[in-house]
Structures are given as structure tokens and as C-alpha cells.
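To start, the structure under review is shown below, and the notes come after it.
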Amino acid sequence: MSSKERIFEYTHPAAGWGALISVGRHLRHSRAPISNVRALLKLNQPDGFDCPGCAWGDPEHASSFEFCENGVKAVTWETTAKRVTPRFFKRWSVTEMKAWDDYRLEDQGRLTSPMRYNPETDYYESISWEDAFQLVADRLKALDHPDQALFYTSGKACNESAWIFQLLARLYGTNNLPDCSNMCHEASGTGLVEALGIGKGSVLLEDFEKAEAIFTFGQNPGTNHPRMLGTLREAADHGCQVVAFNTLKERGLERFADPQRKLEMATGGSGRISSLYLCPALGGDMAAIRGMAKIVFERDDRDGNVLDHDFIAQHTDGLEAWRAVVEATPWAVIEAQSGLSREEISRAAEVYIQSNATICAWAMGITQHEHSVATVREIVNFLLLRGNIGKPGAGTCPVRGHSNVQGDRTMGIYEKPSSDFLDALEGFYGVPMPRKHGHDTVSAIRAMRDEQCRVFIGLGGNFARATSDSHVCEAALARCDLTVHMSTKLNRSHLVTGRDALILPVIGRVEVDRRADGKPQLITVEDSMSMVHGSAGIHKPASKELRSEIAILTGIAQRLLGSDVVDWDALAGDYDRIRDHVAAVLPGFEDFNTRVREERGFWLGNPGARREFPTDTGLANFCSEPLPEAVLHQKLACREGWITLQTMRSHDQYNTTIYGYNDRYRGVEGTRQVIFMSSADMARLGVAKNDWVNLIGESEDGIERRADGFRVVEYDTPNGCAAAYYPETNPLIPLDSVGIKSNTPNSKSVAIRLEKSQRLA
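With UniProt numbering, the residue at position 370 of the sequence shown is 370, and numbering never jumps.
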């Protein structure tokens, strides 16, 4: 082990002084601490900019410090004083940079100029914006069919960028609009649409103040959306029971020290989050929820008045079929699949029975399994039993990742658009829209691999590192005629070039985007609670050569499509005009420009909150899906030497962006090459603490999948279940290992075995 690497037991609460020390370190590392402090005071404020990190909602009355530790990392990472100039690209070849890790690549600083890859020299070289726009337009025009192009979107793109991007793609002639939601919450949207008629959460932030119980499934808010900890802490302080179902013991769901509570910080105090913490086996949440439902039905039979019979009769369909399935499911099956005992499940069910207002919140621990859509449906079934949809303090809360991943989907970033949406586009723009469904993320990789798609255009993100089966994805990208990435910083995807490649640097969320007359532009985002609000940067752009995402997209569109249908220059000149287009097409966005300038913006609404359900039945639908015959941890129990792996973020990480090598709450410093597993699994697999191992994945399809050089760390996790960080472990996930209906990579259900590594400590 390197002297810089350390594994230790973390004994403190989440946040607190550890978070403040981390904030100071990242401010210093940015080399612009004073200007960044100024930026933080405008972060998530009504007259400031929206955090480029997570999509957690903003409170009605924001404090002066409405940000978290990881929000600080996101801001300082973007506003670093470091620069990646054309001179940098003259020094380093693409082959040389491929040897760097993800942290080193992004830590070089902000991109400053458009660059084009020269395959003859293996270096990126400067290109003018005009030539870059024309190159993209020419390559798109040269394709045999528009469906040979892919238009990928990261969840950090604002609503206005997303609107222009989908409009560009559809006027060009394709619905190939894969996005990062395909890799995370697709199961949430699919399941919620089937059950309730809309693929979004039904709660507002205020509902957490009124909830009597909050059930969280498969999420780690301490790292992935830390501001949620403040919401959960306040709920717990008011007497709300918080029940956590999470495979790993996460400190953020146990105890939290709020840096904004002066007395608490002075005395070293903290507050409890979860009143009950259960650790199901990977993929076992659906069985655990089914077990709770069995208890609820039994109690209603015995005592009566447990089910909300009036709500069920008036607003739901399919209860009896699901009840029959639940009652026919043996406890032995539930315990074996969930990894929890009947007693543990009964304790959680009792909390639910005693609560008159319950919220269920979940994240990727639910949505990245083969049976994820069925699990989301089971969560909704559970809520419907006691009428926990459409009343204060109750409802569904899928906790989204990137800051505008939900807004991008609202704006039409979707490979399977509805007929109503396409009809509205046609009615407003007066031209036909493509009707054939396009590629999602996984099928896009297959299409590039098979040379069915030849041009890849990425609006943000780090596609090569975000996706499963990394080596397959990289080989697929390399077969393209052209790859284009709109980015703020250098990342791995820029080094996985097609035969031709462009890096187009964009203005960041924190920076001022000005109109031609010098006035600042306003962009908008939508958070996890369907609140739409404005965002306006305050920093000077990192380079005079930077362009906004909208300026880049409209520049390409002008050269590709002309201006007969859309005046692209006018839209780029004033984003209010883009919002006028949105308002004319999308229900709920009437008077968009006025409403978004209100202090908190406006709520798009959710019909479920009014107990209206735009489903095929006109009611909230119960789902009678049986439990899987066996989930992965059960299947691998029969295979000697194998274990189920989940991929996850470290605390110094947001999606594929690596801010550092530490994972404070899990006791890791100076490294990301670790695998967490129980002591029983270590004994079973013949490894000990601090051993170095290689991770070997499935290879029946002839593709070798491995990730080498991981240190074994003992951790509190169920037997048969291990964990390690992505993107380092993404090469282990087979491309075809996806969720039923969602087609989302099964990143929380990965079959691996271990082999001893030659790496020395």
C-alpha cells in the first residue's frame, strides 16, 4: 500500500467539521478561492445560479448558505483557474493522455478553444468555430440517413439547450436522442407511467415537513445528494420515522451534523436520521417490500382500518390480483431473496402501518437491476395500500442525479417521444417530425459497434466512461466517422476519437452568458420535485473563445438546416424566444418567461397529487408481477468463487467526475482501487484485508471483462454482495445485461470472481 493510501474506520457523523475542512481544501485547489466564495453565496439563490451537481429541490426560503460539500466541489471544479489551451494540446498527444486517470484529465482545468483531432499526428489542433460548425453540418449531410447520427445529452444541460438539441435532431430527421437517464432512472419513469400515468415524483419539498414516515430505498444521500440530509434531519427532528433500506451501511443515513447549526458545530453534536436501518441483499428490495405488504394485509384482516379502502375503491385498479400474488408468496422466498428476516421486515411494516402520511424515496440502488421496473411498481403498490398518493406528506420521490436530467426529458430528450408531443411540434413548426423510435444509450453503443450509426454528438457528459462494458463502448465510438463533444473540461471521451473528432468548449453554469446587446441570459432547470426555476451565472467565462451550448447548437443547425423553419440566430440571441417556443408546445409552460422569474420559479404539477391518474385505466394501477425466480446473489450462491458486485460513487465524485481520491464516510483515503465486502465473503473467497485482487466478469460472449488491482476492504454489507467504484468497474458490466423494459445497465447486479493480483502493497 502506498504511503498516501489509508483505510480507516470512520466514526463521526456525516457533514460537520469534516465537510467544512473538505470545502476549504477544494477552494484552495481551485486556485481561485476568493472568487469561488463569492460564487457559493449565489449558489441555489433566487438571484444566482443553480448548482451543477444534484437535482435536489430548493427550500421556499433559502438561507445564505444553500449548498453542500459536494456542491462546493462541483462549483470549484468548474471555476478552477487552471486552463487547457491549444498550447497544452501541442504538448500532449492523445496516446500519452490515455495513460492518465480520470482525475488527472479533468484536473488540467477548463477547455478554452475548439479543437480537432489529427489522426496523422495523434494531437488535437485548433479549429475555428466556423469551420467546426461547417464540419459537423457537412458530415451530417453526408450520411445515408438521419438515423445514422446520435445526439446524446448529459443531465447537466439546461432546458433551453435541451429544447434546441431535440429540435435540431428531429428537424434533421431522427429520434436518436439517448441520454444519461437511460443509464439511471429509466426504470422510475417507466414504472411510474405504468402505475400513475406520469414518470415523475409526486411530492414537493414541503411534503417532507408533513410526512410521518419516510422510506428510503437504495440511495446514499450523504454522497449523491447531500442537501437531502438536511431535509431528512429536519423531518426526523419533528418526529418523522425514517426507515432506510440500503445494502451498505452509509453514515449519511445514520447521523448528520448540520454545518449551519452553530451550537451543534461548537459542541460536536449531531442528529439521528434513520430510526430503522435495514440492509437487504442486492436486488432484494422488491422482496422486502412484498414482505411488508404481507404484514399490512394480515393486520387489516385482523384489526381492520389498515388499508385505505375508500381510496382504493375510488382511485385504483388491480388490488385483488396483486393481493393474491402477495399472499401466495412464502416467507421463506421473501427472506431468501431480500436477505432480511421476517422480524426485520415486520418492524419496517409497523412503521408504515402507524404512519398516516408516508413518502417513498429511491435512487439507483433500485433502478439498476434486471427487475427494476417491477420493483418501482412494487413501491407504488405499497404506497397505494394506505392512500399515500395525493395527500400532504405522502407520495413518490425518485431522487434524480444530475441537476437537470428530469428537465431534459421534459424538453423532449427522449428516444421514444409520445405522439402528442410530436403532434404539438408539428403543429407549431409546420413540418413533419420523425415517428420511428430512436436509440437509447445501450442500443446506441450497439449501433456504433455495428456501424449503423456513424456520427456521435454529445451535449456534455463523458459517454465513454458513463456507460457499461467500457471497452466495447470505446471500440464502438472509435468506429464513428465523427465524434463531437461539447464540454467544459477534458475527459476520457475526448481521447476515444472517431476517424474525425471535435472538442467544443462551452460556457459553464457558473459563468455569465450574454446576449449580443451585453445583457445576461437566463437559463432554466427542473429539479426532482418538478420545480422549474431560473439560473444566471456570475463569473466571467474562462475564455473569450467559449460559446454557450445554445450558440454551438444553433450554429450547427443554421448550417445544416437553414432558417426557413426556425430562425436559429434569433433563438441564440435571446433565450426568452426559446421559452416562447416551449410555452407554445408543452402543457404546463404557459407564460413561461414570466413565471420562471418568480422567486422559486413554478411547479409543473403532477396529476397524481390531485389524485388524477392519466393511465390506460384512468386509475392508479396495482401491479401483480411475481418476484423474480432468483436474483443474482441467489444465482451466484450456486457458483463457487463468485459474488455480486454493485458499482457506486465515492464521496469525492459526482457521476463520472472525480474530485479526488478520498471516500471519507467509508474510510478510504488516497485511492479508488478498492472492493468492499463482508468478512464472511472474504473467508469464503480466500482473501484477507488489504489483499490485492483482480475483478473478473462474465465472458461467455467471448469478451474478456476484467478490472485489475483492487484492494480488499472489510465492510458492513450483506454476504454475497460486494461494492466498488465506477467508472473503474464499468468494464465488468456486459452491454446486454440490462433491465427488463428499461434497458438500463444492471450496474447494481454484476457477476464477478476474484483472482490474486500481482500488484504489491
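Each residue gets a CB set at the ideal place from its N, CA and C atoms; glycine is no exception.
C-beta contact flag for residue i and residue j at 8 Å
i, j, result
"residue 85", "residue 35", "no"
"residue 253", "residue 288", "no"
"residue 746", "residue 370", "yes"
"residue 609", "residue 697", "no"
"residue 619", "residue 309", "no"
"residue 72", "residue 29", "no"
"residue 360", "residue 215", "yes"
"residue 495", "residue 98", "yes"
"residue 716", "residue 249", "yes"
"residue 194", "residue 621", "yes"
"residue 291", "residue 334", "yes"
"residue 357", "residue 212", "yes"
"residue 428", "residue 581", "yes"
"residue 512", "residue 533", "no"
"residue 51", "residue 225", "no"
"residue 396", "residue 712", "no"
"residue 467", "residue 183", "yes"
Beta-carbon contacts of residue i that lie in its chain and below 6 Å, excluding the five residues immediately before and after
i, result
"residue 228", "56, 221"
"residue 392", "210"
"residue 378", "286, 289"
"residue 737", "746"
"residue 499", "481"
"residue 729", "647, 707"
"residue 159", "407, 411, 524"
Collapsed DSSP secondary structure at residue i in the structure displayed
i, result
"residue 531", "strand"
"residue 714", "strand"
"residue 104", "helix"
"residue 158", "coil"
"residue 135", "helix"
"residue 122", "coil"
"residue 414", "coil"
"residue 754", "strand"
"residue 682", "helix"
"residue 5", "coil"
"residue 165", "helix"
"residue 401", "coil"
"residue 489", "strand"
"residue 787", "Nothing can be reported for residue 787: it is not among the residues displayed for the chain, which extend from 1 to 761."
"residue 774", "What is shown of the chain runs 1 to 761, which leaves residue 774 out entirely."
Residues sharing a beta bridge with residue i, DSSP
i, result
"residue 284", "Residue 284 pairs with nothing; no bridge assigned."
"residue 456", "150, 483"
"residue 621", "317"
"residue 539", "511"
"residue 677", "714"
Environment of residue i [buried if 16+ CB atoms lie within 10 Å]
i, result
"residue 121", "exposed"
"residue 727", "buried"
"residue 331", "exposed"
"residue 8", "exposed"
"residue 190", "buried"
"residue 31", "exposed"
"residue 663", "buried"
"residue 560", "buried"
"residue 430", "exposed"
"residue 563", "exposed"
"residue 76", "buried"
"residue 463", "buried"
"residue 549", "buried"
"residue 665", "buried"
"residue 402", "buried"
"residue 354", "exposed"
"residue 217", "buried"
"residue 260", "exposed"
"residue 690", "exposed"
"residue 2", "No answer about residue 2 holds up, because its pLDDT of 49 lies below 50 and its placement is not dependable."
"residue 442", "buried"
Close beta carbons around residue i, own chain, < 7 Å, minus the five adjacent residues each side
i, result
"residue 775", "Residue numbering for the chain in the displayed model covers 1 to 761; residue 775 lies beyond these limits and cannot be assessed."
"residue 514", "520, 521"
"residue 237", "271"
"residue 813", "Residue 813 is absent from the model: the chain starts at 1 and stops at 761."
Beta-carbon contacts of residue i that lie in its chain and below 8 Å, excluding the five residues immediately before and after
i, result
"residue 694", "706, 707, 708, 709, 710, 754, 755, 756, 757"
"residue 597", "522, 534"
Any non-hydrogen atom of the ligand PLP closer than 7 Å to residue i Cβ
i, result
"residue 379", "Because no ligand of any kind appears in the structure shown, any question about the ligand PLP cannot be addressed here."
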